[in-house]
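With the sequence shown counted from 1, adding 8 to any position gets you our numbering.
Data first, discussion second: the structure below is written as structure tokens.
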Amino acid sequence: MTEKHHAAHHGKKKVAGDKEWEPKIVGFLCNWCSYAGADLCGVSRFQYPTNIRLVRVMCSTRVSPHLVLDVFGAGADGILIGGCHLNDCHYMTGNFHTEKRVNLMERLLRVAGIDEARLRLEWVSASEGEKFSKVVKEFTEEMQKLGPSKVCTDDMVKAKVAAADDASETFRLKALVGKEFNLLTKGNAYGDKLDPEKLTGIIDAATEDEFERALILELARIRPMSVKQLGKVMDIPTDRILRHIVLLRQNSEIAMDHPEGFTPVYKTITIGGEQ
Ligand code: FES
């Protein structure tokens, strides 16, 4: 059942435990526009739901995929990122990079099975207090319809979000997304601009690869597993798992724990070389 179906099934207000549930939303707002917009919203007495907790950052591009996945991993139901309108960023191109980073966050949420509607990016200027209140109201209603995040109640969802978080920290994804804007606008060292569609395909494939490898490590850390077991739990073909295991073994990230008959069972190697 998808998150949306789950929400529709249970109606608008959800129940978590015995208490009536309300969405927990975290808003990261850039200092120069969106935070000032939120401030104006308060001064102008526009109302908005109290479900949101605001965090001020100097620029929207300071919000990394790692931070967002960490906050989802801690149980947030929704995350709002607010920045200056394009071409108005205090740091010139900061919010263009934010767009690229948010694309990666959405990719990672997709592979982790979290509805990407739980993440929203909005441009709100210092004079748009009313817009800020409207955005928060709309987003809160959307989260109420979507229901509680399953991170705290479903171990597999928790493991997937942790894996997406680890994948976001890999050098390959950081380098690709960090250079995406420049590769598309200025080109590579030879001045050749990349085809956006081709680059999207490269980042999509890299995201899937890194996520799957991180999930193998996450699951084999919890309990040793064979290739077949990993394929079944992750619902992906065993030849893909095997390809990942070969690379993880080469990098000394996973090792055989014990054989079960003729089948090797793998365990993640933890820091310090101990299994
Ligand atoms: S300073 Fe507002 S988005 Fe960069």
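Don't be surprised by glycine CBs; every beta carbon is placed ideally from N, CA and C.
All values derive from a computational prediction rather than experimental measurement.
Shortest gap from the CB of S135 to any heavy atom of the ligand FES: 7 Å or more. Between the stretch 137 to 152 and the stretch 178 to 198, the count of C-beta pairs closer than 8 Å stays below three; the two stretches do not touch.
The stretch 175 to 227 is shown to contain whole alpha helix (DSSP H) runs of 4 or more residues at 179 to 193, in chain order. With a threshold of 16 other beta carbon atoms within 10 Å, Y198 falls short and is exposed. In the DSSP assignment, L37 falls within the unbroken beta strand (DSSP E) covering I33 to C38. Of the other Cβ atoms in all chains shown, fewer than 16 fall within 10 Å of the Cβ of F179; this residue is therefore exposed. The stretch 81 to 90 makes contact with the stretch 110 to 129, as at least three CB pairs between them are under 8 Å. In the three-state reduction of the DSSP assignment, E28 falls in the strand class.
In terms of Cβ geometry, P232 and V273 form a close pair [threshold 8 Å]. Per DSSP, T278 lies in no alpha helix (DSSP H) and is assigned neither H nor E.
Counted as a single uninterrupted DSSP element, the beta strand (DSSP E) harbouring G86 occupies residues G86 to G91.
Its Cα nearest to that of V71, the residue H105 stands out among H105, A134 and I211. Here the residues close to the ligand FES, judged by CB distance below 7 Å to any of its heavy atoms, are C38, N39, W40, C41, S42, M66, C67, S68, T69, G91, C92, C97, H98, Y99, G102, N103 and T106 in chain order. Remark: C-beta atoms of G91 and S68 approach each other more closely than 8 Å.
Listed in chain order, the non-local C-beta contacts of I210 below 8 Å within the same chain comprise L184, local neighbours out to five positions each way being set aside. Taking 8 Å as the upper bound for CB-CB distance, S157 and L116 are not in contact here, some 15 Å apart. By a beta-carbon distance limit of 8 Å, A171 contacts E226. Their separation comes to about 5 Å. The distance from the Cβ of G137 to that of S52 is about 5 Å, consistent with a contact at the 8 Å cut-off.
When the Cα atoms are used, S260 and T246 turn out to be separated by approximately 20 Å. The Cβ atoms of Q55 and S141 sit closer than 8 Å to each other.
By the neighbour-count criterion, in which 16 or more other beta carbons inside 10 Å mark a residue as buried, T161 falls on the exposed side. Straight-line spacing of the CA atoms in V254 and I122 works out to 28 Å. A straight-line Cα-Cα distance of about 21 Å links T101 and V76. A straight line joining the alpha-carbon of D163 with that of V169 spans about 10 Å. Its Cα nearest to that of N103, the residue V65 stands out among D200, D78, V65 and E218.
The three-state reading of DSSP puts T101 in coil, since its state is none of H, G, I, E or B. About 7 Å separates the beta carbons of K32 and G83, which is inside the 8 Å limit, making them a contact pair.
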